[in-house]
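Visitor:
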Amino acid sequence: MNVAIKQSNSRRFFSREFVIAYVVGFAFLSACFVPGLRWFEQVVTFHPVRYHEAEARRPDGATDVWLRTTDGVRLHAWFFRNDKQAPRPTVIYFHGNGGNITNVGWVGESLAARDLDALLLDYRGYGRSEGSAEGEEGIYRDADAAYDFLLARGVTPESIVLYGQSLGTTAAVDVAARRRCGALIVESGLSSASDMASATLPWLPRQLHFLTRNRFESARK
């Protein structure tokens, strides 16, 4: 009698309705997990701050310049150019994932004080730049626009110094991996998005990192 009851309960547990409910529930959770993971990735990766005219001060020696990316986004930058005629390096400074160039104007002033030219770029969605920060491909296009801006003004590739800080290191490394430059400076960089995820999201199995949108494979490059 007890054996029959157990067999009946077992059949009920593995009934067709239960299996269907389990599959539907799993599919629903999976469908929610991926968008949720990518939303969290977006929030953690990019912290753009728009430019506030009343609060911002253009650094001494800086000129407002506008760049156009290959996908048509208009970007804002500050260009520090010395009056000296002797050839000198020109630094492209790629800031981190938060704020905008108004937070790092002092970097341009410091470089200019050392007789270096400097270009401080705001990525799409940051400061006065158009567009929105959505992924690494956009950041790389922005970095290329800064590089091409200098070439169009007669700066030779060997005179360009790519200087990245934090998120900006991914832009600097990507350009350096594809195009000639005189030097590369990496400050507080990340080896890859997967390595960063392992540090910030230890509960997420590494086998699931492929679900994220960005790769930022700087070490491989």
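Numbering-wise (our numbering), the sequence shown opens with residue -10 and increments by one. Ideal Cβ positions, reconstructed from N, Cα and C, are used throughout, including at glycine. None of the values given here were measured: they were computed from a predicted structure.
K73: which of W95, A101, D60 and R46 sits nearest, CA to CA?
Guide: Residue numbering aside, residue 73 sits at position 84 when the sequence shown is read from its first letter. The alpha carbon of K73 has as its nearest neighbour, out of W95, A101, D60 and R46, the alpha carbon of A101.
Visitor: For A166, which of A208, D137, R195 and R113 has the nearest alpha-carbon?
Guide: In the sequence shown, the residue the question calls residue 166 occupies position 177. Residue A208 is the option with its Cα nearest to A166.
Visitor: For a quick check, are the C-beta atoms of H84 and Q154 less than 8 Å apart?
Guide: Locating residue 84 in the sequence shown gives position 95, counting from the first residue. Locating residue 154 in the sequence shown gives position 165, counting from the first residue. Contact: yes.
Visitor: Measure the Cβ-Cβ separation of V80 and A51 and say whether it is below 8 Å.
Guide: Walking along the sequence shown from the start, residue 80 turns up at place 91. Walking along the sequence shown from the start, residue 51 turns up at place 62. Contact: no.
Visitor: Considering W67, what are the terminal residues of the alpha helix (DSSP H) in which it resides?
Guide: As a working mapping, residue 67 is identified with position 78 in the sequence shown. Where W67 is concerned, there is no enclosing alpha helix (DSSP H), although the beta strand (DSSP E) around it starts and stops at R63 to F69.
Visitor: Our contact map puts V54 next to F69 with C-beta atoms below 8 Å; I'd like the distance itself, whole angstroms only.
Guide: What you label residue 54 is simply residue 65 of the sequence shown in a count that begins at 1. What you label residue 69 is simply residue 80 of the sequence shown in a count that begins at 1. In fact, because the Cβ distance is near 10 Å, the residues do not count as touching under 8 Å.
Visitor: Please determine if the region 37 to 47 and the region 115 to 124 are in contact, where contact requires at least 3 C-beta pairs separated by less than 8 Å.
Guide: Contact between the region 37 to 47 and the region 115 to 124 is present, because at least three Cβ pairs lie under 8 Å.
Visitor: Run through the region 93 to 125 for me and flag every whole alpha helix (DSSP H) of 4 or more residues, listed as ranges in chain order.
Guide: 94 to 102
Visitor: For A51, list the residues DSSP reports as bridge partners.
Guide: Here residue 51 refers to the residue found at position 62 when the sequence shown is read from its first residue. Its beta-bridge partners are F69.
Visitor: Could you check where the alpha helix (DSSP H) with G153 kicks off and where it finishes?
Guide: Along the sequence shown, one-based indexing puts residue 153 at 164. Taken as a continuous stretch (DSSP letters only), G153 belongs to no alpha helix (DSSP H), being part of the beta strand (DSSP E) at I149 to Q154.
Visitor: What are the boundary residues of the alpha helix (DSSP H) that A45 is part of?
Guide: As a first step, residue 45 must be located in the sequence shown, where it is residue number 56. Per DSSP, A45 lies in no alpha helix (DSSP H) segment and is marked neither H nor E.
Visitor: Output needed for V62: all residues of its chain with C-beta closer than 6 Å, excluding positions within five of it in sequence on either side, in chain order.
Guide: Within the sequence shown, numbered from 1, the residue matching residue 62 stands at position 73. Answer for V62: R113, E119 and G120, listed in chain order.
Visitor: In chain order, what residues of the same chain lie with their CB nearer than 6 Å to the CB of A172, ignoring the 5 residues before and after it?
Guide: The residue labelled residue 172 in the question sits at position 183 within the sequence shown. Its chain contains V150 as the residues whose beta carbon lies nearer than 6 Å to that of A172, once the 5 sequence neighbours on both sides are disregarded; these appear in chain order.
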